[in-house]
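Engineer:
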Amino acid sequence: MQALREEIPPSAAAGPAIVELRGVSKVYDGRVEALRAVDLAFPEGALTTLLGPSGCGKTTLLKIIAGLLEPSAGEVFVQGARVTGPGAERAFVFQDFALLPWATVLRNVAFGLELRGTARAAREETARHYIAQVGLSGFEDSYPHELSGGMRQRVGLARALAVDAHVLLMDEPFSAVDEQTRRKFQEDLLRLRELEKKTFIFVTHSIEEAVYVSDRIVLLSRRPGRVSQVVVPEIARDAAPDEIRRDPHYLDTVEEIWRGLRQYVE
Amino acid sequence: MVVFGIRLPLFSSLLLWCLAWEVLGRAELVFLIPPFSAVLVALGGLVQTAKFAAAAQTTLVSFGLGMLLAIAAGVPLGLLMGRVAAADRLLGMWVNLFVSAPLTALVPVIMILFGLGQATIVVTVFLFAVWIIVLDTRAGVAHISGSLVEMGRSFGARPWQLYGKIILWAALPEILAGLRLGLIRGVKGVVIGQLLVSVIGFGELFELYSRNFLMEEFWALTILLFAFAMVVSEAVGLIEKRIEYYAGVRQ
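Written as structure tokens, this is what we have:
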């Protein structure tokens, strides 16, 4: 276990670790072993992606960090404190958006603050700010079913940003939206990252997406999920989006990761 | 309905049935069926009597009380069964048994327990209405998308917030469907209870009319009760329609 931790190369962009996993395992119903002794550190201010084949336990890992699931063994530390449940310093973005269908965009975005008991005027002001940030101005009074999938996920993202958490946990946030929207989303995510200076932990099964948005990519093996490799894409983030997508470094990293994952799908 | 190229308004077929009733009544074939017009006249007279007002008041009060109790007990019980598997296993069998059981058979027992008075009627209404409310609430809660609850937890919802701000609302369409069915059953409960107790409310009136063969008044009262049950069910149906728009778009 110790050896495995030392294999993880320090990222160029990495600050001190804000989230730390120590020997995290998860067994469902005493039969299905989803994760086995995962040791990981997530540097503050970086966007780290958990990437792996379907069923490798990457969503399980994210939900354990979120405090939504309890690990069968091991511990999670966020900002040095042991995780025993959800906390205000972490916010979650859901794959299926998880919006309240009976509430407007404004109330949905403000919902995290509403649960915390923030006064109405204050929380709606914050919500309006983040609705503008994700490009949904003018839709404050719309209901989720009136929005496209991409717009709904923007609502989910704004809700997570509105509670001003330090760590944003994103569970395949773009998997339920179409490819064009997805690309636009990835670009917006990079822009938001610059703006918000938060730590992002991102789960995806798309290699291209991972390489495009991440500072660090953690490759998980097939079930039981273990850390098989950590890749740090050396990509100039200041370039234009389509330049990045043609950058040889970008393409090489995609290829390298594919070689790493290939063994699990064959 | 279109007859001879003329578009007839809704319920116009009802007129036809009323006419048939009138003819049948006038023919004096069965003394149990007086002409419809005579029933209407009796209805007009009936609603003005003090006895009717008193009966209507008792009936409405026991119906209202019984329904309030049924909702107050049924919705939380349904929530519990939908959320806690152990509670569902423990209670599921009984709720399913009672929802289909001929509860009328229990009224005499209730009468012994609660006496020949309003308490018996309230309990009867409660027993008729509560089970379907429990079942529908349970179904609604059990089918909530898991991520909505996870969302609530991840944003730090306390248990009462989880129920009050998420679960109850997400299950609202099913809860309202349960309420509508519960109200209809409650109307049955109040009538059956009063008929069996037969010394209070409409039960007393029914007893009085049928024993003295006052068929006009008997039918007038029957029509009133039918209309009441329909109005109650339609009213809840309207509320249901208003929130249906999001029931269809739930994730």
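Heads up: the sequence lines are chains A and B, in that order.
Going by the numbering used here, the first sequence opens with residue 28, and the numbers climb by one from there.
Going by the numbering used here, the second sequence opens with residue 1231, and the numbers climb by one from there.
All C-beta atoms, glycine included, are put in the ideal place defined by N, C-alpha and C.
1. Three-state secondary structure (DSSP) at residue 255(A)?
2. Please specify which runs of the alpha helix (DSSP H), each continuous and at least 4 residues long, are wholly inside the stretch 73-148 of chain A, giving them in chain order.
3. Pull up the distance between the alpha-carbon of residue 1397(B) and that of residue 1444(B), whole angstroms please.
4. Applying the criterion that 16 or more other CB atoms from any shown protein chain within 10 Å of the CB defines a buried residue, is residue 97(A) buried or exposed?
5. Less than 7 Å between the beta carbons of residue 1255(B) and residue 1263(B), yes or no?
6. Please compile the residues from chain A whose C-beta is within a distance smaller than 8 Å of the C-beta of residue 1387(B).
7. Could you compute how far the alpha carbon of residue 1371(B) sits from the alpha carbon of residue 1299(B)?
8. Using only the alpha-carbon positions, how far apart do residue 1245(B) and residue 151(A) sit?
9. Assuming residue 252(A) and residue 90(A) form a contact by the criterion Cβ under 8 Å, report the distance between their Cβ atoms to the nearest whole angstrom.
10. Quick check on the burial criterion: 16 or more other C-beta atoms within 10 angstroms. Buried or exposed for residue 1249(B)?
11. What residue range does the beta strand (DSSP E) around residue 1269(B) cover?
12. For residue 1338(B), which residues in the same chain have their Cβ closer than 8 Å to its Cβ, ignoring the five residues on either side in sequence?
13. Would you say residue 1381(B) faces chain A, with C-beta separation under 7 Å as the test?
14. Excluding sequence positions up to five away, which residues of its chain have a Cβ less than 7 Å from the Cβ of residue 279(A)?
15. Expressed to the nearest angstrom, what Euclidean distance is found between the alpha-carbon atoms of residue 185(A) and residue 142(A)?
16. Could you compute how far the alpha carbon of residue 1395(B) sits from the alpha carbon of residue 215(A)?
17. In chain order, what residues of the stretch 1368-1380 of chain B put their CB closer than 8 Å to some CB of chain A?
18. Can you tell me the Cα-Cα spacing of residue 1319(B) and residue 1361(B), whole angstroms?
19. Specify the secondary structure class of residue 36(A) as computed by DSSP and reduced to three states.
20. Within this structure, are the beta carbons of residue 1353(B) and residue 1419(B) separated by less than 7 Å?
21. Tell me the DSSP secondary structure of residue 1363(B) in three-state form.
22. Using the beta-carbon of each residue, which ones in chain B are nearer than 8 Å to residue 146(A)?
23. I need the straight-line Cα distance from residue 276(A) to residue 262(A), nearest angstrom please.
24. Along the chain, which unbroken stretches of the beta strand (DSSP E) at least 3 residues long are found entirely within the stretch 208-272 of chain A?
25. Between residue 1333(B) and residue 1358(B), which are expected to be in contact by the criterion C-beta below 8 Å, what is the C-beta distance as a whole number of angstroms?
26. Cβ atoms of residue 181(A) and residue 161(A): under 7 Å apart, would you say?
27. How would you label residue 37(A), buried or exposed, when you count the other beta carbons within 10 angstroms and need 16 or more for buried?
28. Given that a residue counts as buried once 16 or more other Cβ atoms are within 10 Å of its Cβ, and exposed if not, what is residue 245(A)?
29. Out of curiosity, what's the CA-to-CA distance linking residue 188(A) and residue 54(A)?
30. Measure the C-alpha to C-alpha separation of residue 1411(B) and residue 1429(B) and round it to an integer number of angstroms.
31. Anything in the stretch 113-141 of chain A with a Cβ closer than 8 Å to a Cβ of chain B? List those residues in chain order, please.
32. Just the chain D side, please: which residues come within less than 8 Å of residue 93(A) by C-beta, in chain order?
33. Closer than 9 Å, Cβ to any Cβ of chain A: which residues of the stretch 1398-1409 of chain B, in chain order?
34. Out of curiosity, what's the CA-to-CA distance linking residue 69(A) and residue 243(A)?
Structural biologist: Checking against the coordinates, here is how it stands:
1. Taking the first sequence and counting its residues from 1, one reaches residue 255(A) at position 228. The answer is strand: DSSP assigns residue 255(A) an E or B state.
2. 85-93, 132-142
3. Indexing the second sequence from 1 puts residue 1397(B) at position 167. Indexing the second sequence from 1 puts residue 1444(B) at position 214. Rounded to whole angstroms, residue 1397(B) to residue 1444(B) spans 52 Å at the Cα level.
4. Locating residue 97(A) in the first sequence gives position 70, where the first residue counts as 1. Result: exposed.
5. In the second sequence, residue 1255(B) corresponds to position 25, counting from 1. In the second sequence, residue 1263(B) corresponds to position 33, counting from 1. Yes; because the gap between Cβ atoms is below 7 Å, this pair is in contact.
6. Sequence index remark: in the second sequence, residue 1387(B) carries index 157 (1-based). Those are 142, listed as they occur along chain A.
7. Locating residue 1371(B) in the second sequence gives position 141, counting from the first residue. Locating residue 1299(B) in the second sequence gives position 69, counting from the first residue. Those two C-alpha atoms are separated by around 20 Å.
8. Reading the second sequence from its first residue, position 15 is the one you call residue 1245(B). Reading the first sequence from its first residue, position 124 is the one you call residue 151(A). Cα to Cα, the separation comes out at about 56 Å.
9. The residue given as residue 252(A) occupies position 225 in the first sequence. The residue given as residue 90(A) occupies position 63 in the first sequence. Not really, about 13 Å apart at Cβ, beyond 8 Å.
10. Walking along the second sequence from the start, residue 1249(B) turns up at place 19. Counting Cβ neighbours within 10 Å, residue 1249(B) comes out exposed, since fewer than 16 surround it.
11. Working through the second sequence from its first residue, we reach residue 1269(B) at position 39. Unbroken run through residue 1269(B) is the alpha helix (DSSP H), 1266-1276; no beta strand (DSSP E).
12. Taking the second sequence and counting its residues from 1, one reaches residue 1338(B) at position 108. Closer than 8 Å at Cβ, skipping near neighbours: 1426.
13. Translated into the one-based positions of the second sequence, residue 1381(B) becomes position 151. With 7 Å as the cut-off, residue 1381(B) counts as an interface residue toward chain A.
14. Your numbering for residue 279(A) matches position 252 in the first sequence. Hits under 7 Å: none found.
15. If you number the first sequence from 1, residue 185(A) lands on position 158. If you number the first sequence from 1, residue 142(A) lands on position 115. About 15 Å.
16. Taking the second sequence and counting its residues from 1, one reaches residue 1395(B) at position 165. Taking the first sequence and counting its residues from 1, one reaches residue 215(A) at position 188. Each residue's alpha carbon lies about 31 Å from the other.
17. 1375, 1377, 1378, 1380
18. Along the second sequence, read from residue 1 onward, the residue named residue 1319(B) stands at position 89. Along the second sequence, read from residue 1 onward, the residue named residue 1361(B) stands at position 131. Answer to the nearest angstrom: the Cα atoms are 16 Å apart.
19. Translated into the one-based positions of the first sequence, residue 36(A) becomes position 9. Low confidence applies to residue 36(A): its pLDDT is 46, below 50, so where it sits in the model is not reliable enough to give any reading.
20. Taking the first residue of the second sequence as position 1, residue 1353(B) is located at position 123. Taking the first residue of the second sequence as position 1, residue 1419(B) is located at position 189. Cβ distance not < 7 Å, so residue 1353(B) and residue 1419(B) don't count as in contact.
21. Reading the second sequence from its first residue, position 133 is the one you call residue 1363(B). In this structure, residue 1363(B) counts as helix in the three-state DSSP scheme.
22. The residue given as residue 146(A) occupies position 119 in the first sequence. Simply none; closest approach about 16 Å.
23. One-based indexing of the first sequence puts residue 276(A) at position 249. One-based indexing of the first sequence puts residue 262(A) at position 235. C-alpha separation (whole angstroms): 6 Å.
24. 226-231, 243-247, 254-258
25. As a first step, residue 1333(B) is located in the second sequence; it is residue number 103 there, counting from the start. As a first step, residue 1358(B) is located in the second sequence; it is residue number 128 there, counting from the start. Contact holds; Cβ gap of about 6 Å.
26. Position 134 of the first sequence, counting from 1, holds the residue named residue 161(A). Position 154 of the first sequence, counting from 1, holds the residue named residue 181(A). Against a cut-off of 7 Å, the Cβ pair of residue 181(A) and residue 161(A) comes out as a contact.
27. Within the first sequence, residue 37(A) is the residue found at index 10, counting from 1. Because residue 37(A) carries a pLDDT of 44, less than 50, the predicted location of this residue cannot be relied on, and no value is offered for it.
28. Your numbering for residue 245(A) matches position 218 in the first sequence. So residue 245(A) ends up on the buried side.
29. To locate residue 188(A), count along the first sequence from 1; it is residue 161. To locate residue 54(A), count along the first sequence from 1; it is residue 27. Rounded to the nearest angstrom, the two C-alpha atoms are 32 Å apart.
30. Translated into the one-based positions of the second sequence, residue 1411(B) becomes position 181. Translated into the one-based positions of the second sequence, residue 1429(B) becomes position 199. Between residue 1411(B) and residue 1429(B), the C-alpha separation is close to 27 Å.
31. 113, 114, 115, 117, 118, 119, 121, 122, 123, 124, 125, 126, 127, 128, 129, 138, 139, 141
32. In the structure shown, chain D does not exist; the protein chains are A and B.
33. 1399, 1400, 1402
34. Here residue 69(A) is taken as the residue at index 42 of the first sequence, counted from 1. Here residue 243(A) is taken as the residue at index 216 of the first sequence, counted from 1. Near 9 Å, if we compare the C-alpha coordinates of residue 243(A) and residue 69(A).
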